[in-house]
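What follows is a single structure, written as structure tokens, with notes after it.
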Ligand code: 4NP
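This is the structure:
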């Protein structure tokens, strides 16, 4: 729960309590796709001055990279596009599934792993590319075992999908 100082119509200063809208991006290792999604999304949210209303984080369904910084190639593509990135790997848990308002799986395998961890498919669970205007519902390809082209492709997919996620959230929650 967050608290914000706001003014009423009659200019009275009051403290309002509200729950921020929370979004969790999830992939396998939490060093390539989901930390980049988190970073791009946060930059868009700050540019729209929505950072007091929407918060985000990322996680991996596997525990291989818990505590690790993003892959150097992820950091490199983020830097190239002037996206600040600062994350340490963490593993997705059932509790995350209960806590976050929106769960964004990067691919169908992540999606299945999340359903298995939660024991249920909640309404809050989406495939990231459900929001991609170019290839709706496809996987965000895992770039980990490939070359640097895959990292640029990942950036482009996430950038346009996240634009649409922002549109969706603004409409759904009636945000200015
Ligand atoms: P990510 O990519 O799920 O996008 O973070 C991967 C990172 C690491 C591994 C697999 C995928 N790994 O096997 O270590």
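Numbering (this note's numbering), first residue to last: 54 to 229.
The beta-carbon is built from N, C-alpha and C at its ideal position, and this holds for glycine as well.
Residue closest to residue i, alpha-carbon to alpha-carbon, out of the options
i: residue 128; options: 117, 187, 102 and 83; result: 83
i: residue 193; options: 225, 210, 187 and 123; result: 210
i: residue 159; options: 89, 143, 70 and 95; result: 89
i: residue 198; options: 72, 71, 85 and 61; result: 85
i: residue 177; options: 185, 151 and 196; result: 151
i: residue 184; options: 99, 222, 103 and 96; result: 222
i: residue 137; options: 105, 100, 161 and 119; result: 100
i: residue 139; options: 165, 105, 149 and 125; result: 125
Where residue i falls, given that 16 or more other Cβ within 10 Å makes a residue buried
i: residue 81; result: buried
i: residue 228; result: exposed
i: residue 173; result: exposed
i: residue 114; result: buried
i: residue 187; result: exposed
i: residue 204; result: buried
i: residue 169; result: exposed
i: residue 175; result: exposed
i: residue 224; result: exposed
i: residue 117; result: exposed
i: residue 163; result: buried
i: residue 148; result: exposed
Nonlocal neighbours in the same chain, by C-beta distance under 6 Å from residue i, ignoring five residues either side
i: residue 75; result: 108, 153 and 154
i: residue 219; result: 97
Assumed close pair residue i, residue j - CB separation to whole angstroms, cut-off 8 Å
i: residue 91; j: residue 78; result: 5 Å
i: residue 93; j: residue 202; result: Residue 93 to residue 202, Cβ: 18 Å. No contact.
Sequence-distant residues of its chain with Cβ nearer than 8 Å to residue i (five each side left out)
i: residue 190; result: 180, 182 and 183
Close Cβ partners of residue i (< 7 Å) along its chain, the five nearest in sequence each way excluded
i: residue 61; result: 67
i: residue 119; result: 142, 143 and 144
i: residue 103; result: 228
i: residue 87; result: 78, 79, 80, 111, 112, 113 and 159
Entirely enclosed alpha helix (DSSP H) segments - the region 130–216, minimum 4 residues: List check, alpha helix (DSSP H) in window: 147–152 and 161–171.
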